[in-house]
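These protein sequence lines are chains A and B, in that order.
Going by the UniProt record's numbering, the residue at position 21 of the first sequence is 21; the numbering climbs one at a time, nothing skipped.
Going by the UniProt record's numbering, the residue at position 272 of the second sequence is 272; the numbering climbs one at a time, nothing skipped.
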Amino acid sequence: MKLFGKWGWMVIILLSIFLLNGCGFKDIDKRFFVVSIGVDIAKNSPKKYLVSLKFAVPSPSKDNPNEFAIVSESADSMSEAVRIIKTKVDKEVDFSHAKVIVLSEDVVKEKGNAGIYYWFSRRRDIQGIAWTAIAKPSALAVLKVNPKGESMPSNALLLSLGKEGSETPYVISEFIFDMKYKLIERGIDPILPIIEAKKDHFEINTVGLFNKSRMMLTLNPEETKILNFLRGREEKSASKVTKGNTTIVIDTHKVKTKYKIHTPRGKAPFIKVNVSVEGTLEEATRRVPNENLSTYEKATEKSLNREVEKVLVKIQKANLDPIGFGLRYRSRHFNNDDWEQWKRIYPAITFKVKTKVQIADTGLIE
Amino acid sequence: MNRYYLYLVLLNMLANVIIFVPKILIEYRYKGAVMGILIAVPIGIVLNYFYTKTITKFPEQGLPEITADSKHRWLKILHLGGFQIIWFSAGLITLIGFIDILSRFVNPEMPKLSLLAIYLAAIFLIIQLPTDRVMYILEIVLFLNLPLIGFIIFKAFTNEFLSWDSILEVGTHIFERPSLKSIAAATYCFSGYANLIIFNRVIKGKLKNWNLIVIFFLGLVNLFTTFLIPIGFHGSDGAQQYLYPWISTSDSLRLTYSPIERVIFLFLMFYMSITLISVSVHWHIAFELLKGTFKEKVSNKKNWLVLASFAGCSIVGVIFLNALLLDKLTVYWMIVRLGFEIILVGSFFFWARRRTT
């Protein structure tokens with residue numbers, strides 16, 4: 001005690017930290033970074049899944065910055081597959097940069113894959129903000145696509161699923177944490193974008209709608225756009241209207257959707273959906289005089305009404321709820337059996353769609 | 001200084017994320033957590049009021065000084081001993097919980113005990129300092145970190161993935177009968193006032209009533225933020241599945257154009273210093289109270305003995321308590337803590353009144 005002062009002891013304690021073994025940390029050159037994960041159904045194999053991991057290969061030259069390696073393994077579960085893949089690579093497999101998860105169409109169409117979806121959330125090292133999507137024709141095919149102008153592996157997917165790159169109303173992107181949220185939450189169902197692998201690019205313009213266990217329905221690009229309108233997440237879009245023999249295209253820059261569930265006593269329940277669209281006239285097959293713009297607005301409203309209602313009814317017929325009407329109903333009713341009530345109400349509910357279109361501008365020319 | 005009092009209360013409000021308060025509240029979201037929070041706010045404010053009213057009668061004195069010449073030995077032991085155990089265990093739970101988080105999310109390959117060693121070294125440095133210095137460290141830590149947490153909360157509230165419908169769905173369960181566990185957990189956010197037991201030494205002048213109004217609003221906002229944001233992100237049905245709701249929530253946030261895209265690392269960095277100072281403040285109090293129980297002046301040897309026992313307890317805790325067990329224990333600890341607080345505030349209030357009149 002007399003040997004050192006109070007501070008001397010502190011210094012000794014602090015110094016002794018350096019004696020602690022530092023084997024915990026592996027250097028960056030001994031790690032192999034996974035950038036995307038793909039899950040397929042294994043073919044010609046007794047095992048259930050084919051799990052593929054796409055690794056970024058650090059390359060010293062700047063000529064091909066998006067060099068990658070794909071390692072696949074068939075197994076009955078995700079963790080088994082990853083364990084076996086670890087034996088195939090020489091470095092530590094690191095998931096901390098895995099930002100895209102693709103599940104093939106066959107996987108999502110099957111029941112009983114909850115174990116996989118939960119595995120991603122349970123692992124501490126997989127980001128909650130990893131983009132999730134359905135792959136067509138297979139996850140491996142999507143991982144193998146090597147688009148031109150990609151600055152690092154899987155970057156093209158990141159840019160098109162995120163909003164930093166292209167912004168289109170045909171992509172409804174989804175994070176893994178949000179997918180898990182929708183898999184559990186009563187009253188809202190998951191939606192995943194479908195990525196179609198082409199030779200050296202991707203096509204993402206359709207979505208798959210899930211119930212609580214598997215994909216039930218796919219929407220075509222136009223329906224996807226309408227669904228995006230209804231979710232109110234993307235405002236830049238276009239809608240085409242034909243009136244008489246003139247076709248005009250409206251480039252929207254403001255789309256707002258409000259809906260309210262009405263359950264009047266003794267009458268059939270209905271959902272009132274109000275969509276307000278504001279945009280500029282972008283293209284017309286014939287000259288459209290400014291005085292007649294309001295008639296075109298009316299025509300657009302009419303066609304939009306029809307389209308929106310068609311999509312809503314189609315989704316309702318499949319007994320899905322990607323927009324969250326059920327959750328809205330639950331959140332506005334104080335009784336405890338509101339979910340059971342909603343399950344009775346939803347199949348018979350009618351939609352009253354009202355759109356309001358405003359053409360604010362006709363571009364640089366009249 | 002009135003702001004020091006606010007810092008102490010604020011510290012507990014921030015540390016509640018680590019000490020399983022959101023986890024407990026979310027577990028009871030359909031079973032009366034909302035009403036529990038609404039009941040906890042007045043309880044917290046009343047305890048705050050009586051304690052500050054009483055302790056300002058003894059300006060710039062901690063409890064050991066106040067009770068130095070008291071004849072009621074049982075009261076002294078109850079106060080010094082009781083609070084000591086409560087505050088030591090509060091620090092211990094925070095520390096073990098955060099060591100678990102660190103080993104899970106930051107460095108899974110490092111043994112927990114070496115993480116603990118680093119923390120203990122820093123904590124022991126701080127708790128032996130004089131009380132006013134600990135206060136200054138607390139002020140610096142809060143000053144550096146508050147803008148960061150404000151930013152993260154702002155980002156969470158404006159995120160498009162935050163589902164207000166899920167939040168309202170939990171809100172519709174407001175009329176459920178409140179459970180004791182949720183009330184006990186929610187009052188933890190207000191119990192920072194009890195730090196005054198030692199930190200009254202640095203508080204000059206009377207504590208004004210506007211402090212209570214500030215605490216009322218801060219506490220209400222804090223509780224609902226801590227409880228509802230994870231629900232907005234992970235669902236009214238799904239949020240209870242997460243062991244650390246707030247860590248998972250911060251992992252669901254994305255800063256598109258910042259150097260670090262994942263908010264979780266910002267959040268963990270912020271909580272490293274908050275946990276450090278929170279444990280230090282609690283243990284500083286336990287340490288000072290323990291010194292107060294000895295009759296004669298504390299020798300250096302005894303000092304080290306106390307620190308060694310602190311270290312021993314935390315090593316045993318880290319080895320034997322995993323996160324699941326700790327979570328279960330914390331629920332009961334919260335109830336015990338609330339009971340103790342009420343007894344202590346009440347007895348101190350009446351004792352002080354009899355003494356001064």
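We put the CB at the ideal spot given by N, CA and C, even for glycine.
It should be emphasised that the depicted structure is a prediction, and the values quoted were computed from it without experimental measurement.
The alpha-carbon separation between residue 17 (chain B) and residue 41 (chain B) amounts to approximately 17 Å. In the three-state reduction of the DSSP assignment, residue 228 (chain B) falls in the helix class. If you check the CB distance, residue 296 (chain A) and residue 212 (chain A) do not come in under 8 Å.
Contact check for residue 232 (chain B) against residue 180 (chain A) fails: the beta carbons are separated by 8 Å or more.
In the structure shown, the three-state DSSP call for residue 250 (chain A) is strand.
For a Cβ distance threshold of 7 Å, nothing in chain A lies close to residue 312 (chain B): the least Cβ distance comes to about 15 Å. Three or more Cβ pairs closer than 8 Å define a contact, and the segment 70-86 of chain A meets that threshold against the segment 41-61 of chain A. Nearest in C-alpha terms to residue 287 (chain A), of all of A:313, A:321 and A:246, is A:246.
For residue 172 (chain B), the chain A residues whose Cβ falls inside 7 Å of its Cβ are 331, 333 and 334, in order along the chain. Contact annotation: residue 133 (chain A) and residue 195 (chain A) have beta-carbon atoms nearer than 8 Å.
For residue 103 (chain B), the uninterrupted alpha helix (DSSP H) segment begins and ends at 73-105. The beta strand (DSSP E) runs of length 3 or more contained entirely in the segment 126-165 of chain B do not exist; there are none. In terms of Cα proximity to residue 104 (chain B), the closest of A:126, A:341 and A:183 is A:126.
Taking CB atoms only, residue 164 (chain A) has a neighbour in chain B less than 8 Å away. The residue among A:7, A:90 and A:164 with its C-alpha nearest the C-alpha of residue 258 (chain B) is A:164.
About 5 Å separates the CB atoms of residue 188 (chain A) and residue 327 (chain A); that is less than 8 Å, so the two are in contact. With respect to residue 148 (chain B), residue 5 (chain B) sits apart: the two C-beta atoms are not nearer than 8 Å. Against residue 158 (chain A), chain B offers no close residue; the least beta-carbon distance is about 10 Å (beta-carbon pairs closer than 7 Å). Straight-line measurement puts the Cα of residue 320 (chain A) at about 20 Å from the Cα of residue 263 (chain A).
According to the DSSP assignment, residue 260 (chain B) belongs to no alpha helix (DSSP H), since it is labelled neither H nor E. In this structure, the alpha-carbon of residue 268 (chain A) lies about 26 Å from that of residue 256 (chain A). Sequence-ordered contacts of the segment 247-272 of chain B with chain A read 248, 251, 252, 254, 256 and 262 [C-beta pairs closer than 7 Å].
A check of alpha carbon separations from residue 275 (chain B) across B:91, B:219 and B:305 identifies B:91 as the nearest. In the structure shown, residue 61 (chain B) adopts coil according to DSSP, grouped into three states.
For residue 166 (chain B), the nearest beta carbon of chain A is closer than 8 Å to its own beta carbon. Within the segment 36-120 of chain A, the beta strand (DSSP E) runs of at least 3 residues that lie entirely inside it are, in chain order, 49-56, 68-75, 92-94 and 100-104. In this structure the segment 243-254 of chain B does not lie against the segment 338-345 of chain A, because fewer than three pairs of beta carbons, one per stretch, are closer than 8 Å.
The segment 177-196 of chain B makes contact with the segment 7-23 of chain B, as at least three CB pairs between them are under 8 Å. Residue 33 (chain A) carries a strand assignment under DSSP once its states are collapsed to helix, strand and coil. Within the segment 184-214 of chain A, contact with chain B at the beta-carbon level (separation under 9 Å) is assigned to 184, 185, 186, 187 and 188. Note that the C-beta distance between residue 316 (chain B) and residue 11 (chain B) is not below 8 Å.
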